[in-house]
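Same order as they appear, the protein sequences are chains D, C, B and L. Position 22, counted from 1, in the first sequence is what the working numbering calls 166; the numbers after and before it change by one each time, with no gaps. Position 69, counted from 1, in the second sequence is what the working numbering calls 213; the numbers after and before it change by one each time, with no gaps. Position 232, counted from 1, in the third sequence is what the working numbering calls 376; the numbers after and before it change by one each time, with no gaps. Position 388, counted from 1, in the fourth sequence is what the working numbering calls 532; the numbers after and before it change by one each time, with no gaps. Note that CB positions come from ideal geometry on N, CA and C, so glycine has one too. Note that the structure is predicted; figures quoted are calculated from it, not measured. Here is the structure we will look at, set down as structure tokens.
Number of protein chains: 4
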Amino acid sequence: MSTDPQPTGHDDPAASARGTELASDYTVSLHYDRRLYREDIRASIAHARMLGRQGIVEEDEAAQIVDGLEKVRAEIESGDFPWKPELEDIHMNVESRLFDLIGDVAGRLHTARSRNDQVSTDTRLYMRQACDDTVTALRTLQSAFVSAAEANITTVLPGYTHLQRAQPVLLAHHLLAYFEMFDRDATRFAAAQESADVLTLGNGAMAGVPYPIDRESVAEELGFGRITANSMDGVSDRDFALEYLSAAAICAMHLSRLAEEFVIWSSDEFRFLSLPDNYTTGSSIMPQKRNPDFAELARGKTGRVYGNLFAMLTTLKGLPLTYNRDLQEDKEGLFDSVDTLLATLGVTAGMIGGARFNAGRMRQAVESSYVLATDIADYLVGKGTPFREAHIIVSNLSDRLNADGRFFKDLSLDEFRVASSLFEADVLEIDIDSSIASRDVPGGTSPTRVKAALAEAKARLKEAGQ
Amino acid sequence: MSTDPQPTGHDDPAASARGTELASDYTVSLHYDRRLYREDIRASIAHARMLGRQGIVEEDEAAQIVDGLEKVRAEIESGDFPWKPELEDIHMNVESRLFDLIGDVAGRLHTARSRNDQVSTDTRLYMRQACDDTVTALRTLQSAFVSAAEANITTVLPGYTHLQRAQPVLLAHHLLAYFEMFDRDATRFAAAQESADVLTLGNGAMAGVPYPIDRESVAEELGFGRITANSMDGVSDRDFALEYLSAAAICAMHLSRLAEEFVIWSSDEFRFLSLPDNYTTGSSIMPQKRNPDFAELARGKTGRVYGNLFAMLTTLKGLPLTYNRDLQEDKEGLFDSVDTLLATLGVTAGMIGGARFNAGRMRQAVESSYVLATDIADYLVGKGTPFREAHIIVSNLSDRLNADGRFFKDLSLDEFRVASSLFEADVLEIDIDSSIASRDVPGGTSPTRVKAALAEAKARLKEAGQ
Amino acid sequence: MSTDPQPTGHDDPAASARGTELASDYTVSLHYDRRLYREDIRASIAHARMLGRQGIVEEDEAAQIVDGLEKVRAEIESGDFPWKPELEDIHMNVESRLFDLIGDVAGRLHTARSRNDQVSTDTRLYMRQACDDTVTALRTLQSAFVSAAEANITTVLPGYTHLQRAQPVLLAHHLLAYFEMFDRDATRFAAAQESADVLTLGNGAMAGVPYPIDRESVAEELGFGRITANSMDGVSDRDFALEYLSAAAICAMHLSRLAEEFVIWSSDEFRFLSLPDNYTTGSSIMPQKRNPDFAELARGKTGRVYGNLFAMLTTLKGLPLTYNRDLQEDKEGLFDSVDTLLATLGVTAGMIGGARFNAGRMRQAVESSYVLATDIADYLVGKGTPFREAHIIVSNLSDRLNADGRFFKDLSLDEFRVASSLFEADVLEIDIDSSIASRDVPGGTSPTRVKAALAEAKARLKEAGQ
Amino acid sequence: MSTDPQPTGHDDPAASARGTELASDYTVSLHYDRRLYREDIRASIAHARMLGRQGIVEEDEAAQIVDGLEKVRAEIESGDFPWKPELEDIHMNVESRLFDLIGDVAGRLHTARSRNDQVSTDTRLYMRQACDDTVTALRTLQSAFVSAAEANITTVLPGYTHLQRAQPVLLAHHLLAYFEMFDRDATRFAAAQESADVLTLGNGAMAGVPYPIDRESVAEELGFGRITANSMDGVSDRDFALEYLSAAAICAMHLSRLAEEFVIWSSDEFRFLSLPDNYTTGSSIMPQKRNPDFAELARGKTGRVYGNLFAMLTTLKGLPLTYNRDLQEDKEGLFDSVDTLLATLGVTAGMIGGARFNAGRMRQAVESSYVLATDIADYLVGKGTPFREAHIIVSNLSDRLNADGRFFKDLSLDEFRVASSLFEADVLEIDIDSSIASRDVPGGTSPTRVKAALAEAKARLKEAGQ
């Protein structure tokens, strides 16, 4: 906490309660862009070194600038940096302090660059790391799913469609569905990272710069894979941020689906799941409550992740080339989506890691249901009944059983044969296990396939470096 | 700034750069809800007094609680309050401190209320004030428009459709169009306030409370117009916040239209407008620049205001009754929209207040155009030509003039008569002033009507207490 | 179906599959704006009559135009109207047909008006009616809730927070929570109607018109309460549509919450509810399924209603005054939200009307739970225990019971007294009914209060003309 | 148009005007999903063939089904198909007709598949083609930009930041900025296609199917690159649609930026651009108008493309596994975004293809401005002045010139030297051409770099098969 600079007033309850802000504060971004200090200093150092190498500034001037920038970084990290909100942003704070520390030579740093390409470079550096962090968090979450699936490889529960019991499935199969979703998410964040991985320094105000700079070497030092191909596009392009925000929205949607299941499964009526104690909370008024607050918050935070995407799309709509100050609005929502997503991925991994699944309740839910109806219809199809006709026969049968409070397993062969003379003794062998085993197709829920899917999931994680 | 408590880490650049957050932080709301301290304490005091009056707690216990709460408020306002992020929210911080100050009797405060109705009451108190503040800011802005209109009552500019010069209008008329937009905005915020103006305390966890509380007296003390009619609805209703967010989105849209005009009118090509110096900024690289940054930011911030609305709509979608922790996500976006809107309204009033309109450029734009075409067509209609035919005649005429670089005022009567024999000498009297004067219908741009509209605008502001 | 004109190709599967559209189709709006034919003709008739009254056209010309317009309307309604997509919109189709029917005098109709104020007037007429229809549909739905509440005035179920059983409530109380939501919705649509209820005709292209028109008389004939005060604002104002779309989004959110409850309550695990047969569907593959498809669609359609709001907000962002062709995009989303909302309100009323609530399951859910915990804690508070301490005692107690698979009703007085010596014999009298009866505060769930709320709900509906 | 089936009432003006819809219509999707008839039949044919190959149905039965399906397709394409809205969707219409044509054997087609995986397969086939079409349209648009850039390789205009003249650039450079945006768009649509390119058939209701199907061979016949790995994920995954919608939103944003420039550049004040006649329209009232309606609509349609994305994100939020009827809402918005985007890309290519750029006006805008200020400051930097100091000197200089209505080219060397003694005679050589030539860095606007960029752009298009 020691590095926290003077607050800029945005979290001051008194100021906030007044609900007012001076006009002069309107353009200030320091309260959120100071988190870019590492990226800003790193990019400036690379720029300064290149200016020196190219002879645009003297080598020793470049060295002084680099030294000064490193001192600035140390001051920030030790908490000694004298933040000045009146300088508006991280860039001017760093640069101004550089003047204090090394004098007028600091003025040479801004040679051959503009504020626009500096901001853009910082944001891209940040984004690249955020994509890395997000993919890592996704891989961790996927690992937690693999572990949970492995631990529940024989647990049976009803698969649901329309929140109605549909067909029996293995819990491991259900859990691996989420593995697939998060796998696609990881692909999208990797693509967003690829889009961010382009150096913008050198675009200048938007026409390029009139100095013999070496953009490729700066890119190399900063680890960028490419450099921008058009300076006007470069200063106004925020596609990489939109890609992250879009991928985050889809990922948040996945997390909201899981959270919904956590909430429903935690209900007294389902009782499929006990969330770990440190992911539930009590009630200020009702002493008996163990609420799935973390899952609810994970679901609720979908809102802000969607909202941040829409906010940036709105901001960018209809802007003429090239830079417009509207673009300053690109960062807070992005930071918020990154922070929210990383936190939610972590919390979700914690929940899945500590979840206790109630295999007894799940099996009971399968048994006291008609989830074998499809199997019985398929049995008739196997005997030559067209599928549509078999469907009608079994539908009527299950309706009658339901009216009597009975299940398929309670039926005698004779009763089966009233419904269709094609039923034979082997219909009585249809049970939960045979049903699950019969879905023996790639992607299906049979134990063989699920085990194969687990092995495949582990292999993919291994390949991803987990 | 002295009241700023220990930061909760959310603005710590080092923490942020790590992009990680401990699971235990996931449910913390103190960093944003502490701004509700006044509302929280005010509502608790009203609740405690009622408990005393009703004999639910002893009168002297109630008095101790009230005293303690007032001390807590004083501590917060003097900056001496020991904020504890680990207590998660403003409510527990206040309550815990109350225990420190007055001992176990503090435990009686939470009798006959739940955290849910407490939070809801605080938010409604905040919202009520925010609506007041917003309407006040709108009235101030409207006053600035009235002043600008009054100062430009004879200035003529082209009215635009499709950003093409269409017909001459008075600048005052153009400015008063915004007066009308902001007037409708004020009506919407007043409606949002009406929706917020309902006491929720007494709903308990969601079924009501089993104590003989007097909700009406609490409502009266807190200035609420009504009390909620159904406890289950009461704890989960956030319509009042959505109404504010919707009204804010529409208002931000209006502000974005104005900002767009400020930006376009400030361009070298238009030069209709010079924004005040303190609302423009220079460039870090281009020495000649005077950029309309404030207008651009006002336009860009439309994004976050839209995003906050969409975020809350998303969060609320599909939640079963009653309270779900998702609802904790109702505040940050709301606070952000209120802060953004108030700041933007203030900045916009500042811009319009200091704007210098370039009447010469505006008139020149009218003169070197064909904006009298409609008048000339209408002239022919007056002579008996069906409108559609007149339209074609004048369209062809303006095309020919345009090809020659001439304007209607350059035409002789003979030339007019080549186009239509119905033209007579009085067609030459059609000019900018006659055109404007002829729009003499309610809502039209004729000087008489605009003066009447100005008078009406002032009367409306006066009625609104400005 | 006979009135359906030649399709404009937008639903042609072949055309769609090609995924292409000729550039010339890009501006066509006929396929959606032809539904405004009644409004368009009605407004034109009012305009023509006024032109006649004011002597702007001859009285007999006005009469011819009115006759012709009535013929056009009859043609459309009988299906004989020769629709021409190449004329792009409803307005040109009507006007062109008018020329066919009455000759050149048709050209006088467009005197003193522009396409912009014509479109705006049509849309406002449509909107006014749509608000009426929506409020009516809401009132019908509220009536269905009142009937369902009345029929379930003694049914008890667990009230939920966090989808966890919280406290016992009357089902009627739960249902009336939705009555309140829809009541607020009705208020918002009434406000939207008020905003739409303003005549725009007379604004001309945007400066007003140079004819001695009588706007007030046109407003009166069309039933508008007011006329626009500023012509430039008038042609570009779409606030009324945004207000409808915002109110629709909030209403759709309410409907999605109800639909979520329908889906959850229909699950095998809850079985609180049987939806009427005509609101459930089977499965193409699983013979046993009875799926709550209508409720799911009602929930899913929240998406399009939110989307339509954001579409229009996006379209309007940053448009300079006055009319821009972007505004043509104001109608499809609006029509879709109106259609979607009316259909969903109707379907929801049908579902609630035919729903069978399973009172036995609901009571069982209350009994096999710890929802009396708050009551027992409150009992201790009544004996002098501070609330916070009572909360802890009962929390521990319910934990132990839960571990043993027992409930509060299974506890002897001695066992109670182990937890706190303040428990006395009357603690054994705490039961579901006493719990519910004790929430005897305004808005609470006690039978007295719920009956009063029902009476109040009926009175409000009666006042609303239901 | 001949293939257009009986309309289902959704475009019937009379029905629409009533604003009501029967409950029985609520679940109907035929009016929009019939456009999937090709995909539906194609997938069914592949499925039937596989069933035959695997011996799940008799080979001759499979052949009959395939024949029947081909007849159905022929009927639809010839317009003879008897559409039945009461059958709700395209799938049941096709299947029901198949029964008419080939009798009960039709019932075997639905063996080993469910409606859910059928719908998903159809949508993925559609999506794959839509991505292809979109990339093709983007490439065509990029080609138009390359042509326009090539034709304007020597045209100079002011580059803008904040809509203020900033630095001189080549028009070709400005145009190629858009080439880059559309290049990134193409990458995103290719990624969306990759996500769609996965066979879902075989997932059954959600557990897989109990038949020895050969999913790989079906994938091969339908050209899918992969098959889904988890059946529960497979039936409920709509990520591929969200990816398209996200990419479409970003692309629409790019198009809106261009459209905004078209509108601004077409204004009388800028006059940088004359849009082709068939992309402008007149006014119903103002005879002189030539409005950029197509550009405005292109900008306005950003709204619906954003709205469709948010609609689907909203619909998917919080859905438990697996299929829920909410998912039926996945198609209309998707179709609308595809149609809108393809149309807008086409219209935009038409506009850029026929646009006439006014090189004279553009150069004049450069000349009567201070866009050389950066060059002059850089000159001083070259002489040893720190950048920040040079910036201040030139800023003051341009202020003074502006006050006098003069430009840098009007300054004598003596006047320069008053500002700084470092100015020498060669400062007078700084002009537009030298300024542009000096931005000789990768991505910069110097003629050399722009020519290289053009060559690179052509190469990329060639590689993309254009």
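Would a check of beta-carbon distances place residue i closer than 8 Å to chain D?
i, result
"Val525/L", "yes"
"Ala612/L", "Missing from the structure shown is residue 612/L; chain L here goes from 145 to 610 and no further."
"Glu440/B", "yes"
Quick one: using the 10 Å Cβ neighbour count with 16 as the cut-off for buried, is residue i buried or exposed?
i, result
"Gly247/D", "exposed"
"Glu607/B", "exposed"
"Val172/B", "buried"
"Arg448/L", "buried"
"Asn422/D", "exposed"
"Gly609/D", "exposed"
Only counting the same chain, and skipping five residues up and downstream in sequence, which positions put a Cβ closer than 8 Å to that of residue i?
i, result
"Asn468/B", "Ser380"
"Phe326/C", "Leu282, Leu285, Gln286, Phe289, Cys395 and His398"
"Leu386/D", "Leu453, Met456, Leu457 and Leu460"
For residue i and chain L, any beta-carbon pair shorter than 8 Å?
i, result
"Glu165/C", "The predicted model places Glu165/C with a pLDDT of 41, which falls under 50 and marks its position as unreliable; any figure quoted below should be read in that light. Not an interface residue."
"Lys602/B", "no"
"Tyr170/B", "yes"
"Phe384/B", "no"
Leaving aside the five residues before and after residue i along the sequence, list all residues of the same chain whose C-beta is less than 6 Å from its C-beta, in chain order.
i, result
"Arg268/D", "Ala340"
"Gly617/D", "Any question about residue 617/D goes unanswered here, given that chain D covers just 145 to 610."
"Asp519/B", "Ile574 and Ser579"
"Arg561/D", "Phe567"
"Thr425/L", "Asn435 and Asp437"
Check whether chain C comes within 8 Å of residue i, counting only Cβ atoms and requiring the distance to be less than that.
i, result
"Glu612/B", "Outside the shown range of chain B (145 to 610) lies residue 612/B, about which nothing can therefore be said."
"Gln311/B", "yes"
Residues in the same chain with beta-carbon distance under 7 Å from residue i, minus the five sequence neighbours each way, listed in chain order, please.
i, result
"Leu166/D", "At Leu166/D the pLDDT is 48, less than 50, meaning the model places this residue with poor confidence and gives no usable figure here."
Verify the CB distance criterion: does residue i have a CB-CB separation below 8 Å to chain B?
i, result
"Thr446/L", "yes"
(message) So, does the stretch 306-320 of chain B touch the stretch 434-442 of chain D, judging by three or more C-beta pairs under 8 Å?
(response) Cβ pair count under 8 Å is three or more, so yes.
(message) Pairs of beta-carbons, one from the stretch 285-298 of chain C and one from the stretch 595-610 of chain C, closer than 8 Å: are there three or more?
(response) Yes: the two stretches touch, three or more of their Cβ pairs being nearer than 8 Å.
(message) Just to confirm the assignment: which complete beta strand (DSSP E) runs, minimum length 3, are found wholly within the stretch 248-309 of chain D?
(response) Taken in chain order, the whole beta strand (DSSP E) runs of length 3 or more contained in the stretch 248-309 of chain D are 300-305.
(request) Count the C-beta pairs between the stretch 322-336 of chain D and the stretch 174-181 of chain C that are closer than 8 Å, then say yes if the count reaches three, no if not. (result) Segment contact: the stretch 322-336 of chain D against the stretch 174-181 of chain C, fewer than three CB-CB distances shorter than 8 Å; contact not assigned.
(message) Counting beta carbon pairs with one atom in the stretch 471-483 of chain L and one in the stretch 533-551 of chain L, are three or more of them shorter than 8 Å?
(response) Contact between the stretch 533-551 of chain L and the stretch 471-483 of chain L is absent, because fewer than three Cβ pairs lie under 8 Å.
(request) Give, in chain order, every unbroken run of the alpha helix (DSSP H) that is at least 4 residues long and sits entirely within the stretch 174-240 of chain B. (result) 174-177, 181-197 and 203-222, all fully within the stretch 174-240 of chain B.
(message) Could you check whether the stretch 430-437 of chain D touches the stretch 403-421 of chain D, counting it as contact only if at least three pairs of C-beta atoms, one from each stretch, sit closer than 8 Å?
(response) Yes: the two stretches touch, three or more of their Cβ pairs being nearer than 8 Å.
(message) Would you call the stretch 455-473 of chain B in contact with the stretch 484-493 of chain B, where contact means no fewer than 3 C-beta pairs closer than 8 Å?
(response) In this structure the stretch 455-473 of chain B does not touch the stretch 484-493 of chain B; the number of beta carbon pairs closer than 8 Å is below three.
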